[in-house]
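Enquirer:
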Amino acid sequence: MTSSANSFELLRSMTLSGLVQEEILRGIKTGELTVGAKLNEIDLAERLRISRSPVREAFRALEEAGLVRLEKNRGVFIRDLSDEEAAELYEVRAGMDEMAGRLLAPRVTEEQVGELRALVTQLETSSISGGVNNYFPLNIAFHDRLVEMTGNSMLLGLYRQVVNRMHLLRRRGFSISGSSAASHAEHRIILDALATRNADATARAMRQHVESGFQRALAAHHQEESAAQAQA
Numbered sequence: 046m047t048s049s050a051n052s053f054e055l056l057r058s059m060t061l062s063g064l065v066q067e068e069i070l071r072g073i074k075t076g077e078l079t080v081g082a083k084l085n086e087i088d089l090a091e092r093l094r095i096s097r098s099p100v101r102e103a104f105r106a107l108e109e110a111g112l113v114r115l116e117k118n119r120g121v122f123i124r125d126l127s128d129e130e131a132a133e134l135y136e137v138r139a140g141m142d143e144m145a146g147r148l149l150a151p152r153v154t155e156e157q158v159g160e161l162r163a164l165v166t167q168l169e170t171s172s173i174s175g176g177v178n179n180y181f182p183l184n185i186a187f188h189d190r191l192v193e194m195t196g197n198s199m200l201l202g203l204y205r206q207v208v209n210r211m212h213l214l215r216r217r218g219f220s221i222s223g224s225s226a227a228s229h230a231e232h233r234i235i236l237d238a239l240a241t242r243n244a245d246a247t248a249r250a251m252r253q254h255v256e257s258g259f260q261r262a263l264a265a266h267h268q269e270e271s272a273a274q275a276q277a
């Protein structure tokens with residue numbers, strides 16, 4: 046095989062591996078793949094109509110990204126995160142959101158503020174009419190757009206890596222009554238600070254929103270653990 050042919054096969058394999066990763070990420074985001082779920086190499090290859098090699102490459106990449114665990118002679122499973130790992134992720138996310146708020150506030154346009162307000166309105170409506178499954182994609186889109194609007198591609202790339210791991214916690218913090226309402230109120234505070242172009246207030250509001258989200262998530266997790274122990 047020539048050098049160019051080798052390069053083509055490598056590129057094709059990388060592209061197919063990326064396709065598999067996106068499919069698994071989609072499953073995690075939608076809740077189709079829950080913590081502890083076993084991934085079937087043959088099933089994925091057949092469903093996507095590809096060979097098994099890119100699937101194995103995708104598994105290795107997702108393991109490095111902290112999304113799956115590979116167990117010898119057992120297979121590949123969607124990872125769970127310990128309370129300590131969750132705390133670290135939220136801590137990093139809080140710092141990124143704070144930075145995004147500080148970068149965005151001085152340069153945000155009226156059009157962008159309007160776009161964000163429309164997203165928040167959709168969020169509030171979806172949490173009432175559509176429940177968690179509609180709320181999560183819109184919430185992800187809102188926060189992703191906030192970071193994207195900074196124009197800092199490095200920050201956006203790192204932010205998305207962290208958020209991908211946080212999808213493993215996707216339902217924590219939304220099983221407690223009032224958590225969505227609290228989140229909506231915090232979104233409005235962020236938007237009000239952005240509208241005044243106040244970098245300090247925006248950065249503070251964005252950090253506090255993530256920190257409050259962690260407290261809600263932790264409370265929900267402990268509540269679930271207590272309920273499970275009571276039933277045991």
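Per the working numbering, the very first residue in the sequence shown carries number 46; after that it's consecutive.
We put the CB at the ideal spot given by N, CA and C, even for glycine.
Please go through the same chain and pick out, in chain order, the residues whose beta-carbon is closer than 8 Å to the beta-carbon of Arg233, but skip the five residues on each side of it.
Expert: As a position in the sequence shown, residue 233 is number 188, starting the count at 1. Correct list, in chain order: Val165.
Enquirer: What residue range is occupied by the uninterrupted alpha helix (DSSP H) comprising Leu93?
Expert: In the sequence shown, residue 93 corresponds to position 48, counting from 1. Taken as a continuous stretch (DSSP letters only), the alpha helix (DSSP H) holding Leu93 covers 86-93.
Enquirer: Any idea what DSSP makes of Glu77, helix, strand or coil?
Expert: Against the sequence shown, residue 77 aligns to sequence position 32. In this structure, Glu77 counts as coil in the three-state DSSP scheme.
Enquirer: With distances taken from CA atoms, which of Ala250, Ala246, Leu239 is nearest Glu231?
Expert: Along the sequence shown, one-based indexing puts residue 231 at 186. If we check each option's Cα against that of Glu231, Ala250 comes out closest.
Enquirer: Round the Cβ separation of His157 and Met194 to the nearest angstrom and send it over; I've been treating them as touching at under 8 Å.
Expert: For this step, residue 157 is matched to residue 112 along the sequence shown. For this step, residue 194 is matched to residue 149 along the sequence shown. In the sequence as presented, His is not what sits at residue 157; that position holds Gln. Between Met194 and Gln157 the Cβ distance is about 6 Å, and since that is below 8 Å, they are a contact.
Enquirer: Can you check which of these residues, Pro182, Asp142, Asp245, Leu112, is closest to Ser257 by C-alpha distance?
Expert: Locating residue 257 in the sequence shown gives position 212, counting from the first residue. Ranking Pro182, Asp142, Asp245, Leu112 by Cα distance to Ser257 puts Asp142 first.
Enquirer: When the Cα of Ala264 is compared with those of Asn209, Ala90, Asp128, which residue comes out closest?
Expert: Stepping through the sequence shown from its first residue, residue 264 is reached at position 219. Cα-wise, what sits closest to Ala264 is Asp128.
Enquirer: In its own chain, which residues sit with a C-beta less than 8 Å from the C-beta of Ile221, not counting the 5 before and 5 after it?
Expert: What you label residue 221 is simply residue 176 of the sequence shown in a count that begins at 1. Residue placement at Ile221 is poorly supported in this model, since its pLDDT is 47, which falls under 50; the coordinates still yield a value, given next. Within the same chain, Ile221 has close Cβ partners Arg261, Ala264, Ala265, Gln268.
Enquirer: Taking Gly140 as part of the alpha helix (DSSP H), name the residues at either end of that continuous run.
Expert: Residue 140 sits at position 95 when you count from the first residue of the sequence shown. 128-149 is the extent of the alpha helix (DSSP H) around Gly140.
Enquirer: Specify, as a first and last residue, the run of the beta strand (DSSP E) that Gly159 falls within.
Expert: As a working mapping, residue 159 is identified with position 114 in the sequence shown. It is not in any beta strand (DSSP E) - Gly159 instead sits in the alpha helix (DSSP H) that spans 155-174.
Enquirer: Quick check: the Cα distance between Ser96 and Glu102, rounded to an integer number of angstroms?
Expert: Your numbering for residue 96 matches position 51 in the sequence shown. Your numbering for residue 102 matches position 57 in the sequence shown. Going by the C-alpha atoms only, they are around 11 Å apart.
Enquirer: Measuring CB atoms only, is the segment 143-154 touching the segment 109-116, in the sense that at least three cross pairs come out at less than 8 Å?
Expert: They do not touch, by the three-pair rule.
Enquirer: Below 8 Å CB to CB, which residues in the same chain sit around Ile235 once its five sequence neighbours on both sides are set aside?
Expert: Your numbering for residue 235 matches position 190 in the sequence shown. Taken in chain order, the residues that qualify are Gly146, Leu191, Thr247, Ala250, Met251, His254.
Enquirer: Which whole-angstrom value describes the C-beta separation of Leu213 and Arg124, a residue pair presumed to lie in contact below a C-beta threshold of 8 Å?
Expert: Position 168 of the sequence shown holds residue 213. Position 79 of the sequence shown holds residue 124. With a Cβ gap of about 6 Å, Leu213 and Arg124 count as contacting.
Enquirer: In chain order, what residues of the same chain lie with their CB nearer than 6 Å to the CB of Glu86, ignoring the 5 residues before and after it?
Expert: The sequence position of residue 86 within the sequence shown is 41, counting from 1. Cβ within range, chain order: Arg97, Val100.
Enquirer: Alpha carbon to alpha carbon, what distance is there between Ser228 and Phe259?
Expert: As a first step, residue 259 must be located in the sequence shown, where it is residue number 214. As a first step, residue 228 must be located in the sequence shown, where it is residue number 183. In a straight line, the C-alpha of Phe259 is about 11 Å away from that of Ser228.
Enquirer: If you run the structure through DSSP and keep just helix, strand and coil, what is Gly258?
Expert: To locate residue 258, count along the sequence shown from 1; it is residue 213. DSSP places Gly258 in helix when its eight states are reduced to three.
Enquirer: Beta carbon of Leu161, beta carbon of Tyr180: below 9 Å?
Expert: Residue 161 sits at position 116 when you count from the first residue of the sequence shown. Residue 180 sits at position 135 when you count from the first residue of the sequence shown. Result no, Cβ atoms of Leu161 and Tyr180 do not sit closer than 9 Å.
Enquirer: Go to Arg97, then tell me how far its alpha helix (DSSP H) extends in each direction, as first and last residue.
Expert: In the sequence shown, the residue the question calls residue 97 occupies position 52. From DSSP, the alpha helix (DSSP H) with Arg97 extends over 97-109.
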